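Read the structure below first, then the notes.
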Amino acid sequence: MDLTGKAALVTGGASGIGAAAVRRLAAAGSVVAVADRDEAGARALAEEVGGLALPGDASDPDTMTMAVDVAEDAFGRLNIVLLNAGVTAGQSGIENLDLAAYRRIVGVNIDHVVFGLTAAVPALRRAGGGTIVATASLAGLVAMPGDALYTMTKHAVVGYVRSAAPTLAPEGIRVNAVCPGFADTPLIAKAKDRFGDFPLLSAEDVAGAIEAVLERGEPGECWFVQPGREPAPYAFRGVPGPKSGTPPPEDVTWKDH
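If you number the sequence shown the way full-length UniProt numbering does, the last residue is 257 and the count never jumps.
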């Protein structure tokens, strides 16, 4: 995919992976709408890249519909949608469940991807096709002990992407996921001291993987991203679904470092 002249929408775009993706898309010649609940951050980054700020809560279906509609109206089309907004659970999800926190992580990590995709599809059809990339996690491919709720939501994103992709591919709409390991972003800021010398991805590492997916991904692929390795589509061995590309390393795991 040549990114020159493309119109993109990035949720969770004001910081971390989203901000790195916004800057990379803009540098490649795309116009970008920055959607984020951090209004000041979204406006500052949109001004920096000459884009559009769209403040709002991604877990609200009306917000996602409005974001797509406003971006398409402002740019005249919509070609790329990065559904990147995400939060952590802040609890194990195994006992003493905090219902409000549970609803929050499901709303942002799962609902927003569903609301975003269903809102984006008509716009991408009007553009003659396009690409939707959801930011999942390595926790969407393998279990992450200690954070069952986050793992659940990211497994849901991977399953949704792989199931939606074959339906939309004949229309020229490609759906993918990017599945990074731990990245040095605001999402882990409060727990960063616990990582010690564990190697972390940078936001730019993940944005680079997103760009690779946009350039050469195939429908339904979920690309893993880990420090010191080239991003690649994960192969779901023995599991029916979209073509998965090359087999992953045998040691794709949270403990491989």
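Backbone N, C-alpha and C fix where the C-beta goes; we use that ideal spot for every residue, glycine too.
Bear in mind the structure is a predicted one, so any value in this text is a computation, not a measurement.
Residue i versus residue j - alpha carbon distance
i, j, result
"N109", "P180", "14 Å"
"F195", "A232", "Caution applies to F195, whose pLDDT of 48 falls short of 50 and renders its modelled position unreliable; the value that the coordinates give is listed next. Taking the straight line joining both Cα atoms gives about 25 Å."
"G41", "A71", "18 Å"
"I17", "A203", "5 Å"
"S163", "G5", "29 Å"
"G228", "D205", "10 Å"
"M66", "A120", "10 Å"
"A189", "Y102", "The predicted position of A189 is uncertain, since its pLDDT is 49 and thus under 50; no value can be drawn from it."
"P61", "P55", "14 Å"
"W223", "A58", "23 Å"
"E230", "E39", "34 Å"
Beta carbon of residue i nearer than 8 Å to that of residue j
i, j, result
"A34", "L45", "In the sequence as presented, Ala is not what sits at residue 34; that position holds Val. Yes, Cβ-Cβ distance for V34 and L45 is below 8 Å."
"G13", "N96", "no"
"A136", "A89", "no"
"A53", "R37", "no"
"A7", "R77", "yes"
"T11", "L117", "no"
"T153", "I105", "yes"
"M1", "L214", "yes"
"A100", "V113", "no"
"A212", "A20", "no"
Coil, strand or helix - residue i by DSSP
i, result
"A189", "Because A189 sits at a pLDDT of 49, beneath the cut-off of 50, its placement in the model cannot be relied upon, and the point is left open."
"T4", "coil"
"R216", "helix"
"T88", "coil"
"D36", "strand"
"V161", "helix"
"F195", "Unreliable placement is indicated for F195, whose pLDDT of 48 sits below 50; no coordinate value is reported for it."
"T246", "Note that T246 scores a pLDDT of 46, beneath 50, so its modelled location is shaky; the value from the coordinates is reported in the next line. T246: coil per DSSP, three-state reduction."
"A127", "coil"
"R174", "strand"
"F224", "strand"
"P231", "coil"
Nonlocal neighbours in the same chain, by C-beta distance under 7 Å from residue i, ignoring five residues either side
i, result
"A27", "none"
Close beta carbons around residue i, own chain, < 6 Å, minus the five adjacent residues each side
i, result
"Q226", "G181"
"K192", "In this prediction, K192 has a pLDDT of 48, which is less than 50 and means its spatial position is unreliable; nothing more can be read from the coordinates."
"R174", "T131 and P219"
"N79", "K6, A7, A127 and G130"
"V158", "A136, G140, A177 and C222"
"D111", "S59"
Beta-carbon contacts of residue i that lie in its chain and below 8 Å, excluding the five residues immediately before and after
i, result
"D147", "T88, A89, S92, G93 and A139"
"A74", "A33 and L52"
Contact with chain C by residue i, beta-carbon distance below 8 Å
i, result
"N176", "No chain C appears in the structure shown, which is made up of a single protein chain."
Touching by the beta-carbon criterion (3+ pairs, under 8 Å), the segment 152-169 and the segment 124-139: yes
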